[in-house]
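Using numbering that gives the first Met the number 0, the letters of the sequence shown map in sequence onto residues 0 to 261.
Just so you know, even glycine gets a beta-carbon here, dropped at the ideal spot from N, CA and C.
For reference, the structure discussed in these notes is given below.
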Amino acid sequence: MLDLTNVSITFHKNTVNERKALDQVSLHLDSGDFVTVIGSNGAGKSTLLNAISGSYEIDKGKIVLDDKDLSYLKEFKRAKYIGRLFQDPLKGTAPNMTIEENLGLAYSRGRRRGLSMGIKKADEKLFREKLSQLGLGLEDRMKTKVGLLSGGQRQALTLMMATIVTPSLLLLDEHTAALDPKTAAQVMNITDEIVKENNITTMMITHNIENALEYGNKTIVMSQGKIVLELSGERRKNMTMEQLMELYSNTAHETFSDKMLL
Ligand SMILES: Nc1ncnc2c1ncn2[C@@H]1O[C@H](COP(=O)(O)OP(=O)(O)OP(=O)(O)O)[C@@H](O)[C@H]1O
Ligand SMILES: [Mg+2]
């Protein structure tokens with residue numbers, strides 16, 4: 000369960016560049032909710048995820064995840080509960096370490112054992128199983144340095160690392176946007192599988208309206224630092240891309256940027 004209450008962030012306060020990136024945002028997610036987040040450039044989507052992960056300190060408000068008050072907790076402490084993926088496949092993995100070593104690091108996160116104790120046979124078996132789920136053949140390349148993988152392979156591996164110890168919350172910030180369409184679709188399917196299988200509460204920012212309606216069980220629309228629309232249930236199920244775009248224009252008083260239509 001995630002509860003945001005009146006979360007606000009203003010950048011460059013008391014200057015001409017003052018910008019309310021988050022303006023009293025409140026949001027409730029039940030455990031296992033998979034929310035897609037859309038909105039035009041600069042709407043505050045990434046800032047919202049950064050506020051939740053602790054990358055940005057909030058000015059006001061409250062953030063509660065599974066009864067833990069995260070509002071002013073340091074980012075590295077929140078990382079124990081929150082998995083994250085970004086647009087850039089180079090983020091999130093260590094290029095000079097092997098696939099196996101990267102997974103070992105991720106697996107030891109939140110547990111006492113460090114990588115120094117080496118990768119146990121049992122762990123190796125688990126990693127192999129997990130990797131084969133991805134369907135990319137990475138299970139046969141466990142000793143390959145991650146820097147040699149393609150963007151899509153790295154993003155799939157990062158996803159695996161973010162979820163190998165099931166997080167309370169998974170935050171995805173346009174994590175397929177830098178991939179070619181075929182690879183993006185593949186990583187999106189893997190994401191959906193992992194999220195469903197582990198019932199992970201997930202927030203996914205996307206500029207792809209089709210994905211926003213197809214995946215997950217809720218959609219929120221942001222504009223100028225606010226959540227201006229929340230869709231779920233039958234209303235969302237019956238909504239077409241065209242209807243959503245029209246609704247967006249009427250609610251946010253702006254049209255989707257060209258990027259949104261891709
Ligand atoms: N670290 C920062 N310092 C100053 N301003 C920032 C910072 N991060 C974001 N902003 C500003 O806050 C506003 C919201 O930005 P944000 O990155 O959250 O938008 P977004 O919805 O993710 O857009 P995009 O679709 O382009 O990724 C923008 O005006 C942006 O310039
Ligand atoms: Mg963004």
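*Out of Q185, V15, D172 and M238, state which residue places its alpha-carbon closest to the alpha-carbon of G43.*
Taking the sequence shown and counting its residues from 1, one reaches residue 43 at position 44. Of Q185, V15, D172 and M238, the residue nearest in Cα terms is D172.
_Can you tell me whether D179 sits near ligand 2, meaning its C-beta is under 7 Å from at least one heavy atom of the ligand?_
Walking along the sequence shown from the start, residue 179 turns up at place 180. No.
*Answer with buried or exposed for D32, where buried requires no fewer than 16 other C-beta atoms within 10 angstroms of its C-beta.*
Counting from 1 along the sequence shown, the entry for residue 32 is found at position 33. D32 is buried by the Cβ-count criterion.
*Would you mind stating whether A155 and L169 have Cβ atoms separated by less than 8 Å?*
As a first step, residue 155 is located in the sequence shown; it is residue number 156 there, counting from the start. As a first step, residue 169 is located in the sequence shown; it is residue number 170 there, counting from the start. Not closer than 8 Å, so no.
*Please determine if the region 189–204 and the region 4–17 are in contact, where contact requires at least 3 C-beta pairs separated by less than 8 Å.*
no
*Just how far apart, CA to CA, sit K144 and M96?*
On the sequence shown, position 145 is the one that residue 144 refers to. On the sequence shown, position 97 is the one that residue 96 refers to. Distance between the alpha carbons of K144 and M96: 5 Å.
*asked:* Measuring CB atoms only, is the region 69–77 touching the region 206–217, in the sense that at least three cross pairs come out at less than 8 Å?
replied: no
_DSSP three-state label for M141, please._
As a first step, residue 141 is located in the sequence shown; it is residue number 142 there, counting from the start. In this structure, M141 counts as coil in the three-state DSSP scheme.
*Could I get the ranges of all uninterrupted alpha helix (DSSP H) runs contained in the region 30–82, with 4 residues as the minimum, in chain order?*
44–52 and 74–77
*Coarse secondary structure for D122, derived from DSSP in three states*: By 1-based counting over the sequence shown, the position of residue 122 is 123. In this structure, D122 counts as helix in the three-state DSSP scheme.
*Cα separation between Y55 and R108?*
The sequence position of residue 55 within the sequence shown is 56, counting from 1. The sequence position of residue 108 within the sequence shown is 109, counting from 1. One C-alpha to the other measures close to 22 Å.
_Residue burial classification, S131 (beta-carbon count within 10 angstroms, cutoff 16)_ = The residue given as residue 131 occupies position 132 in the sequence shown. Its Cβ having fewer than 16 others within 10 Å, S131 is exposed.
*Per-residue DSSP class, three states only, for I199*: Sequence index remark: in the sequence shown, residue 199 carries index 200 (1-based). Coil at I199, not helix or strand.
*State the DSSP-derived secondary structure class of M221, mapped to helix, strand or coil.*
In the sequence shown, counting from the first residue as 1, residue 221 sits at position 222. M221 falls in the strand class under three-state DSSP.
*asked:* Please return the same chain residues whose Cβ sits closer than 8 Å to the Cβ of K258, not counting the five positions on each side in sequence.
replied: In the sequence shown, residue 258 corresponds to position 259, counting from 1. Because the pLDDT at K258 is just 48, under 50, the model does not fix this residue reliably, and the point stays unresolved.
*What do you reckon, are the CB atoms on K217 and V24 nearer than 8 Å?*
As a working note, residue 217 is residue 218 in the sequence shown. As a working note, residue 24 is residue 25 in the sequence shown. Contact: no.
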